[in-house]
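Taking it in order: structure first as structure tokens, then the write-up.
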């Protein structure tokens with residue numbers, strides 16, 4: 044099962060390396076990783092997506108908590124939370140498909156962030172299913188490339204998942 048783990052860490056040199064080393068040293072895969080400063084510039088939050096059964100996730104959580112620079116570890120999968128990713132998609136549609144690309148972008152509440160004679164670069168933000176859906180719809184239109192952020196997540200205030 045996939046888990047989204049939020050790790051609050053001290054914003055210091057080498058912390059990312061130690062955390063990724065913990066995963067690789069034990070043979071655990073990181074499917075997605077996003078890191079950014081919090082309101083306090085001395086603290087960062089890492090959002091890590093990994094897969095494993097309950098025992099593996101428990102081991103990962105325990106090992107993360109042992110690291111000196113780790114402040115707090117939360118398995119977001121156990122909480123009611125909001126997740127988002129962003130993708131930028133470069134599409135090179137045929138002339139007759141340009142209007143359809145713009146229509147699909149509008150339906151998915153995306154926006155064109157760059158345009159040239161031959162391509163549109165589209166930005167979409169949403170959950171994993173939304174990203175997969177627009178990629179599937181745009182594939183026949185001529186996707187040249189796309190880049191995708193890792194998942195970020197935040198818990199809803201005071202609500203435990205039932």
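In our numbering, the protein residues as written are 44 to 205. The C-beta atom is built at its ideal place from N, Cα and C for all residues, glycine as well. Please read these numbers as outputs of a predicted model, since none were measured by experiment.
{"query": "Exposed or buried, residue 91, counting other C-beta atoms within 10 Å across all chains shown (16 or more means buried)?", "result": "buried"}
{"query": "Got a sec, what are the start and stop residues for the alpha helix (DSSP H) residue 148 sits in?", "result": "141-150"}
{"query": "Is it buried or exposed for residue 136, if we count other Cβ within 10 angstroms and need 16 for buried?", "result": "buried"}
{"query": "Residues in the same chain with beta-carbon distance under 8 Å from residue 74, minus the five sequence neighbours each way, listed in chain order, please.", "result": "45, 92, 93 and 94"}
{"query": "How many Å lie between residue 164 and residue 63 at the Cα?", "result": "32 Å"}
{"query": "Can you pull the DSSP bridge partners for residue 87?", "result": "52 and 80"}
{"query": "Considering only the beta carbon of each residue, do residue 200 and residue 114 sit closer than 8 Å?", "result": "no"}
{"query": "What are the partner residues of residue 164, as DSSP defines its beta bridges?", "result": "133 and 157"}
{"query": "So, is residue 48 buried or exposed, given that buried needs 16 or more other C-beta atoms within 10 angstroms?", "result": "buried"}
{"query": "Could you pull out every residue in the same chain whose Cβ sits closer than 7 Å to the Cβ of residue 51, ignoring the five residues on either side in sequence?", "result": "86, 88, 114 and 115"}
{"query": "Can the beta-carbon of residue 119 be found less than 8 Å from the beta-carbon of residue 60?", "result": "no"}
{"query": "State the CB to CB distance for the pair residue 192 and residue 77, rounded to an integer number of angstroms; the pair is presumed to be in contact (CB under 8 Å).", "result": "6 Å"}
{"query": "Could you spell out the range, first to last residue, of the beta strand (DSSP E) harbouring residue 191?", "result": "186-191"}
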